[in-house]
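Going by the working numbering, the sequence shown opens with residue 1277, and the numbers climb by one from there. Structure first, then comments.
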Amino acid sequence: MRLTRYFLPVLKETPSEAQIASHRLMLRAGMIKQASAGIYSWLPLGYKVLKRIETIVHEEQVRAGHIPMLMPTLQSADLWRESGRYDDYGQEMLRITDRHGRDMLYGPTNEELITDIFRAHVGSYKDLPLTLYHIQWKFRDEIRPRFGVMRGREFLMKDGYNFDLTKEDALHAYNRHLVSYLRSYERMGLQAIPMRADGGPIGGDYTHEFLVLAETGESEVFYDSEITDLRFGDRDIDYDNVDQCQSVLEEFTSRYARTDETHDAEIFAQVPEARQRVARGIEVGQIFYFGTKYSEAMGAVVSDRDGNRVPVHMGSHGIGVSRLLGAIIEANHDDNGIIWPEGVTPFHCGIVNLKQGDAAADAACDEIYKALSAKGLEPLYDDRAERAGGKFATMDLIGLPWRITVGPRGLANGVVELTSRRMGESVEMKPEDAIARLVEIYAPHFGHIQN
Ligand code: ATP
Ligand code: MG
1277 MRLTRYFLPV
1287 LKETPSEAQI
1297 ASHRLMLRAG
1307 MIKQASAGIY
1317 SWLPLGYKVL
1327 KRIETIVHEE
1337 QVRAGHIPML
1347 MPTLQSADLW
1357 RESGRYDDYG
1367 QEMLRITDRH
1377 GRDMLYGPTN
1387 EELITDIFRA
1397 HVGSYKDLPL
1407 TLYHIQWKFR
1417 DEIRPRFGVM
1427 RGREFLMKDG
1437 YNFDLTKEDA
1447 LHAYNRHLVS
1457 YLRSYERMGL
1467 QAIPMRADGG
1477 PIGGDYTHEF
1487 LVLAETGESE
1497 VFYDSEITDL
1507 RFGDRDIDYD
1517 NVDQCQSVLE
1527 EFTSRYARTD
1537 ETHDAEIFAQ
1547 VPEARQRVAR
1557 GIEVGQIFYF
1567 GTKYSEAMGA
1577 VVSDRDGNRV
1587 PVHMGSHGIG
1597 VSRLLGAIIE
1607 ANHDDNGIIW
1617 PEGVTPFHCG
1627 IVNLKQGDAA
1637 ADAACDEIYK
1647 ALSAKGLEPL
1657 YDDRAERAGG
1667 KFATMDLIGL
1677 PWRITVGPRG
1687 LANGVVELTS
1697 RRMGESVEMK
1707 PEDAIARLVE
1717 IYAPHFGHIQ
1727 N
């Protein structure tokens, strides 16, 4: 993409309404624009990152054997009356009446709708196990929407639902989700720690929230510092292997890590003092096994091997897709702007032409642009007739991890400069070497980029 043909409305001023870095930087980098309280338009740059995150979530869910689908945003109130949640949900639910006077609502989540689909089409244990998921907009009329996309009213969520014959099978589904979430967050360049969470009114031990440590996080968290050394990495996992998934769960949840809702000072005191940490975190996902609550209330039953009709065991599992943009920026920025991890960057590299209009510099930039594109990399070429300082500031603000700087002086020696946004280091090299280096960097993140 050439910047002169793109739509990147960066702001010079720091918006006064933004209290935290990610909100400020998303507005300044022209990624989002508030449409009304807690509701945002996703401008091209923000939309691009949102899609990257969505793609990672899809790929990892499919890898785990979960099936994508799409349910509507608007739902009938009747289903929620069946589960008893129409009244329970309270003011966070946006209620709507259609022209025929029918009660509708903008879905804050989808347990009822998915259970309705299940009971209409599945009747036998032979159709299980089954895990369906979608990535769809949700609406919760939060009393205090704030921090930009972090706590919106309209937000994008991946929500998945497992249906299993037995509790044992459902717990394997739970473990599968935990593993796939660990992989997903790491691909986004994030460390998200599974922490024991509160089951709420449904209760139960089987729920974990995934938290990204950040000073601006809304949750207070307590953990054993050893947990921050754990990495999932690119280990090979067989999602059908019950023991393997269980052992990952044990590895990642055996150390103390809890939110304030479940924190237990006595147990925490048993962690060696030097390793006790109290910090803040951003919740970017949650997994939940809730047994037969919805299947019993809504008649989601199957016949088992002996022909008995039994309610299915269910769980629901969510990832805050739009909130993740905020969380990633909170964990990856400096005074000059965003620093995207390679896995989610909107463009793979910037090209800065130090002397727009100089025949040699223009030609070299065009050539590099074409060569990168031919490799499947997406460059953002700043081809504006601007001062170099202004171009660097824009690149730093929007946070592309790599920048190729092209100027007449370097070109006279046959070199350009490759700069790492994170390290701030620049290395002079031949253009073809810079391209090869970028292919090498991005190949592990994007399957279509190969030498
Ligand atoms: P919170 O405690 O932050 O209100 P929640 O526990 O009610 O969230 P879940 O029902 O667990 O949310 O939803 C799954 C994920 O969706 C959360 O882990 C979070 O990342 C995201 N999410 C929830 N509410 C919002 C919101 N208002 N804005 C953006 N993302 C949200
Ligand atoms: Mg939650």
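No residue lacks a Cβ here, since even glycine has one placed at the ideal position from N, Cα and C.
Asked	Found
Report the three-state DSSP secondary structure of PRO1470 (helix, strand or coil).	strand
Could you pull out every unbroken beta strand (DSSP E) segment of at least 3 residues lying fully inside the stretch 1612 to 1690, listed in chain order?	1625 to 1629, 1655 to 1658, 1678 to 1682
When you compare the CB positions of THR1391 and ARG1472, do they come within less than 8 angstroms of one another, or not?	no
Verify the contact flag: THR1385, CB atom, against every heavy atom of ligand 1, threshold strictly below 7 angstroms.	yes
In the DSSP assignment, find the beta strand (DSSP E) that holds GLU1527 and state where it starts and stops.	Unbroken run through GLU1527 is the alpha helix (DSSP H), 1518 to 1529; no beta strand (DSSP E).
Note the first and the last residue of the continuous alpha helix (DSSP H) segment covering TYR1457.	1443 to 1463
Should GLU1537 be counted as a contact of ligand 2 given a C-beta to heavy atom distance under 7 angstroms?	no
Taking the alpha helix (DSSP H) that GLN1337 belongs to, which residues open and close that run?	1320 to 1339
Tell me, please, which residues DSSP counts as bridged to TRP1413.	LEU1432
Quick one: is ILE1725 buried, meaning 16 or more other Cβ sit within 10 Å of its Cβ, or exposed?	buried
Short check: CB of HIS1334 to CB of LYS1443, under 8 angstroms?	no
Tell me which residues share the same chain as GLY1322 and place their Cβ nearer than 6 angstroms to its Cβ, disregarding the 5 neighbours each side in the sequence.	MET1307, ILE1308
Ordered along the chain, which non-local residues of its own chain (more than five positions away) have a Cβ less than 6 angstroms from that of PHE1564?	THR1483, GLY1591, SER1592
Would you please verify whether the beta carbon of ARG1679 is less than 8 angstroms from any beta carbon of chain C?	Among the chains in the structure shown there is no chain C, since it carries only a single protein chain.
How about VAL1524 and VAL1455: do their beta carbons lie closer than 8 angstroms?	yes
So, at 8 angstroms on beta carbons, what are the nonlocal neighbours of LEU1404 in its own chain, with the 5 sequence-adjacent residues on each side left out?	VAL1398, PHE1439, ASP1440, LEU1441, ASP1445, VAL1578, VAL1588
Assuming MET1302 and VAL1488 form a contact by the criterion Cβ under 8 angstroms, report the distance between their Cβ atoms to the nearest whole angstrom.	At roughly 16 angstroms, the Cβ-Cβ gap does not stay under 8 angstroms, so MET1302 and VAL1488 are not in contact.
Who are the Cβ neighbours of PRO1285 in its own chain at under 6 angstroms, not counting the five residues just before and after it?	GLY1306
Give me, in chain order, the residues of the same chain whose beta-carbon lies closer than 7 angstroms to that of VAL1691; leave out the 5 immediate sequence neighbours on both sides.	GLU1704, MET1705, LYS1706
Can you determine whether any heavy atom of ligand 1 sits closer than 7 angstroms to the C-beta of PHE1431, and answer yes or no?	yes
Run the proximity test for GLU1485: is its beta-carbon closer than 7 angstroms to any non-hydrogen atom belonging to ligand 2?	yes
Does any heavy atom of ligand 2 sit closer than 7 angstroms to the C-beta of GLN1562?	yes
Say the cut is 7 angstroms; is the CB of GLU1559 nearer than that to a heavy atom of ligand 2?	yes
Applying the 10 Å Cβ sphere with the 16-neighbour rule, what's the burial state of GLU1368?	exposed
Return yes when at least one heavy atom of ligand 1 lies under 7 angstroms from the C-beta of ARG1361, else no.	no
Does the beta-carbon of SER1298, which I'm using as the reference point, lie nearer than 7 angstroms to any heavy atom of ligand 1?	no
Relative to the C-alpha of ASP1510, which candidate in PRO1384, GLY1723, ARG1459, ALA1719 has its C-alpha closest?	ARG1459
At which residues does the beta strand (DSSP E) containing VAL1715 begin and terminate?	It is not in any beta strand (DSSP E) - VAL1715 instead sits in the alpha helix (DSSP H) that spans 1707 to 1718.
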